[in-house]
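J.: In UniProt numbering, the protein residues as written are 1 to 569.
Here it is, the structure, as structure tokens.
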Amino acid sequence: MPGTSRMPVSLREGFNNVRNRSRAGSPLALGMLNLDLARNLIFFLFVLRWTRRVLWKLKGRGLIGTIVELYVDLRRILYGYFLRMPGVRNQVKKQVDEAVGKLQTKLVPLNATRYLMLPKEGWDQDAVRKELQTLADMDHTRWEDGFVSGAVYHGEDELLKLQTEAYGKFTVANPIHPDVFPGVRKMEAEVVAMVLGLFNAPAGAAGVSTSGGTESILMACLSARQKAYVERGVTEPEMILPETAHVAFRKAGLYFKIKTHLVACPAPTYQADTRAIARLINSNTILLVGSAPNFPHGIIDDIAALSKLAVKKSVPLHVDCCLGSFLVPFLSRAGFETQPFDFRLKGVTSISCDTHKYGFAPKGNSTVLYRTQQLRSYQYYVDPAWSGGVYASPGIAGSRPGALIAGCWASLMSTGEDGYLQSCIEIVGATKKLIAHITTTSPVLAQELEILGNPLVSVIAFKSKTLNIYDIADGMSAKGWHLNALQNPPAIHVALTLPIVKVWEKLAADLEAVVEQEKEKERARVAEGKGQRGGGGDSAALYGVAGSLPNKSVVVELARGFLDILYKA
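Right under this line is the structure:
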């Protein structure tokens with residue numbers, strides 16, 4: 001028919017043959033059909049997965065919050081490309097190398113004798129002791145005089161002597177061999193039992209000792225991940241934590257492939273926003289987190305509200321008490337304000353507590369506690385088929401120093417409840433006095449500094465109303481103090497310890513002097529037409545740069561350089 005296209009005979013016949021074979025159940029046709037179905041199914045699952053993720057994102061962050069996150073991510077990525085441009089990259093590398101060089105000058109003394117090879121003949125013990133004393137006497141911030149925030153929590157000679165004796169008796173002990181070192185097994189079990197008792201653990205609760213707060217947090221996150229996988233089949237785990245929660249949770253997210261959602265802790269309380277946490281919970285959520293208190297600001301999150309949310313949503317709740325350790329359980333008995341935080345709250349399923357902080361044990365001691373033995377078992381590692389025999393360990397480490405466990409047990413037994421109660425009275429009492437001095441007693445500090453939130457334990461964080469807070473940090477460093485610089489928001493914190501209790505009034509006086517000094521510098525800058533808020537010191541330079549960059553890769557390189565220096569002999 002004119003003007004009508006027709007299928008060529010050969011092609012039409014081929015099409016009919018395929019159709020007929022398909023109707024007859026041809027394997028080729030069925031295979032093609034199955035392939036199409038598989039493609040459609042994969043596409044459907046892909047769309048479903050990303051649709052669900054988008055809906056979860058909108059539910060958790062809201063439309064505006066989602067757009068803001070996308071903008072921040074895009075800005076970070078684009079700035080990263082900018083930093084990798086040839087001219088910019090070379091300039092950045094030069095500045096990082098200069099900064100790392102300054103750090104190396106501070107940390108690696110040039111005039112010290114270096115030992116890079118084993119001595120051909122071993123030293124006699126007197127020579128070793130002499131060199132050890134030289135190393136102990138190296139120039140350092142005087143923690144002995146109470147000039148260091150945190151770090152050393154007791155430091156009294158009598159307890160140090162007892163810990164050293166305990167260490168000496170168990171120097172070769174290793175709890176991986178409980179039959180060889182039964183005393184270490186007994187002490188470790190008793191330490192865990194004592195800490196469980198402090199946190200009002202129910203019958204059937206369990207725990208393990210670890211090398212420190214980071215390992216305790218890692219194990220709690222691993223347990224939650226394994227519980228979700230075994231009991232609910234979760235393969236894309238997520239956890240929700242306040243932005244002030246310890247960085248070890250972020251490390252756990254990286255190590256164990258757990259997606260981490262950070263929730264704001266807005267002023268004036270600086271506590272985790274429980275409504276924001278509730279919006280972020282979905283079927284992949286394996287853990288909620290609260291701090292008692294948090295490291296940056298010393299604020300106890302609303303653990304009671306988090307517990308109710310955890311129970312309602314059937315999600316585990318971990319409370320990080322590493323810093324609060326042996327202070328928080330004694331607040332009420334010491335007559336101080338407190339908040340619910342422990343296993344008496346039904347939703348709390350695990351707690352981390354550092355015995356090497358306000359428990360005064362030697363460094364390298366912590367505990368992680370679980371509401372049930374089943375939760376503890378999720379952090380175990382067992383291999384029944386290894387050629388070296390059946391292998392089982394309670395956590396990451398295999399061999400562990402039994403001497404540290406002995407030092408911990410000796411510290412707890414020698415201090416006792418009365419000793420920890422008295423320490424709480426002294427440390428938290430001094431903290432309250434310092435807060436009062438900053439907010440009321442000193443007009444200079446009250447006018448310039450602002451305490452963040454309502455700290456109830458031993459950590460005080462403060463920011464400046466008109467000055468560059470990092471200049472104040474550098475000024476305190478110049479006076480011999482080792483305080484902690486914070487960011488988001490820019491601030492300083494001090495964690496009071498028994499050594500600081502003795503000198504808190506000097507801390508307050510020096511802080512007042514530094515603020516006056518920085519105010520005078522600001523007035524001079526304004527008079528010279530240079531503008532306000534200096535920023536010339538080390539802390540000011542580092543955190544000023546970190547806070548202004550949308551992409552932190554420069555800070556990451558600087559931090560890596562610092563870590564490299566630690567191993568430069």
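No residue lacks a Cβ here, since even glycine has one placed at the ideal position from N, Cα and C.
Since the model is a prediction, treat every value here as computed from it, not as a measurement.
I want to check one thing, is the minimum distance from the CB of M85 to the heavy atoms of the ligand GTP below 6 angstroms?
T.: The ligand GTP is not part of this structure, which contains no ligands at all.
J.: What are the uninterrupted segments assigned as alpha helix (DSSP H) that are 4 or more residues long and contained completely in the region 207–244, given in chain order?
T.: Counting whole runs of 4 or more residues, the region 207–244 contains the alpha helix (DSSP H) stretches 213–232.
J.: Just reading off the beta strand (DSSP E) that K346 is part of, what are its end residues?
T.: Counting along the chain, K346 falls outside any beta strand (DSSP E), and DSSP gives it neither H nor E.
J.: Just verifying my parser: in three-state terms, what is the DSSP assignment at I299?
T.: Reduced to three states, the DSSP call for I299 is coil.
J.: Looking at C-beta atoms only, is the number of pairs between the region 87–99 and the region 308–317 that lie closer than 8 angstroms three or more?
T.: As far as the Cβ criterion goes, the region 87–99 does not touch the region 308–317, which means the pair count is below three.
J.: Leaving out the 5 sequence neighbours to the left and right, which residues in its chain are closer than 7 angstroms to T66 when beta-carbon positions are compared?
T.: Within the same chain, T66 has close Cβ partners K57, L58.
J.: Looking only at its own chain, which residues have a Cβ that is under 6 angstroms from the Cβ of R275, when we skip the five neighbours before and after it?
T.: So no residue of the chain qualifies.
J.: Going by DSSP, what residues sit across from S464 in a beta bridge?
T.: S464 pairs with L449.
J.: Go ahead and pull the three-state DSSP assignment for D320.
T.: In this structure, D320 counts as strand in the three-state DSSP scheme.
J.: Below 7 angstroms CB to CB, which residues in the same chain sit around P489 once its five sequence neighbours on both sides are set aside?
T.: So the qualifying residues of the chain are K463.
J.: Using CA coordinates, which residue listed in M187, L456, F170 is at the minimum distance from G335?
T.: Considering only alpha carbons, the answer is L456.
J.: Tell me whether G62 is buried or exposed, calling it buried when 16 or more other Cβ atoms sit within 10 Å of its Cβ.
T.: Flag for G62 reads exposed.
J.: Could you please give the first and the last residue of the uninterrupted alpha helix (DSSP H) stretch that includes L160?
T.: 157–169 is the extent of the alpha helix (DSSP H) around L160.
J.: For A473 and A461, which I take to be in contact (beta-carbon distance under 8 angstroms), what is that distance rounded to the nearest angstrom?
T.: No, A473 and A461 are not in contact; Cβ-Cβ is about 12 angstroms, not under 8 angstroms.
J.: Run through the DSSP bridge pairs and tell me what I492 is partnered with.
T.: According to DSSP, I492 bridges with F462, A485.
J.: Between V47, V96, L45, L103, which has its C-alpha nearest K568's C-alpha?
T.: For the residues V47, V96, L45, L103, the minimum Cα distance to K568 belongs to L103.
J.: May I ask which residues mark the beginning and end of the alpha helix (DSSP H) holding Y381?
T.: Segment 381–383 is the beta strand (DSSP E) holding Y381; no alpha helix (DSSP H) there.
J.: From the DSSP secondary-structure annotation, give me the bridge partner or partners of A392.
T.: V382, per the DSSP bridge assignment.
J.: Would you mind sorting K257 into buried or exposed? The rule is 16 or more other CB atoms within 10 Å of its CB.
T.: Classification of K257: exposed, given that the 10 Å Cβ count is below 16.
J.: Taking Cβ positions, are T141 and H482 nearer each other than 7 angstroms?
T.: Yes, these two residues count as a Cβ contact at 7 angstroms.
J.: Tell me whether I42 is buried or exposed, calling it buried when 16 or more other Cβ atoms sit within 10 Å of its Cβ.
T.: With fewer than 16 Cβ atoms within 10 Å of its Cβ, I42 is classed as exposed.
J.: Apart from the five residues on each side of it in sequence, which residues of its chain come closer than 7 angstroms, Cβ to Cβ, to V556?
T.: Contacts found: none.
J.: Please name the residue, chosen from N284, A508, L198, T497, that lies closest to V444 on a Cα-to-Cα basis.
T.: The shortest Cα separation from V444 among N284, A508, L198, T497 belongs to A508.
J.: Please work out which residues of its chain come closer than 6 angstroms, Cβ to Cβ, to G155, disregarding the five sequence neighbours upstream and downstream, and give them in chain order.
T.: Cβ within range, chain order: P499.
J.: According to the neighbour-count rule (16 or more other Cβ atoms, all chains shown, within 10 Å of its Cβ), is M187 buried or exposed?
T.: Classification of M187: buried, given that the 10 Å Cβ count is 16 or more.
J.: Whole angstroms are fine: how far does the CA of C321 sit from the CA of E243?
T.: Taking the straight line from one Cα to the other gives about 16 angstroms.
J.: In whole angstroms, give me the CA-to-CA distance for F562 and G480.
T.: Using only the alpha carbons, I get a separation of about 21 angstroms.
J.: T210: buried (16+ other C-beta within 10 angstroms of its C-beta) or exposed?
T.: By the neighbour-count rule (16 or more Cβ atoms within 10 Å), T210 is buried.
J.: Tell me whether the region 226–239 and the region 198–208 touch, counting them as touching only if at least three CB pairs, one residue from each stretch, are closer than 8 angstroms.
T.: Counting Cβ pairs under 8 angstroms, fewer than three are found: no touch.
J.: Note down the Cα distance separating G529 from R523, rounded to an integer number of angstroms.
T.: Between G529 and R523, the C-alpha separation is close to 10 angstroms.
J.: Around the Cβ of I405, are there at least 16 other Cβ atoms within 10 angstroms (buried) or fewer (exposed)?
T.: Per the 10 Å Cβ criterion, buried.
J.: Reducing DSSP to helix, strand and coil, say where V108 ends up.
T.: The answer is coil: DSSP assigns V108 none of H, G, I, E or B.
J.: For L78 and K552, I'd like the C-alpha separation in whole angstroms.
T.: Distance between the alpha carbons of L78 and K552: 12 angstroms.
J.: Would you identify the three-state DSSP class for V289, choosing helix, strand or coil?
T.: V289: strand per DSSP, three-state reduction.
J.: Express the C-alpha separation of T260 and T51 in angstroms, rounding to a whole number.
T.: The alpha-carbon atoms of T51 and T260 are separated by roughly 20 angstroms.
J.: Quick one: is A24 buried, meaning 16 or more other Cβ sit within 10 Å of its Cβ, or exposed?
T.: In this prediction, A24 has a pLDDT of 48, which is less than 50 and means its spatial position is unreliable; nothing more can be read from the coordinates.
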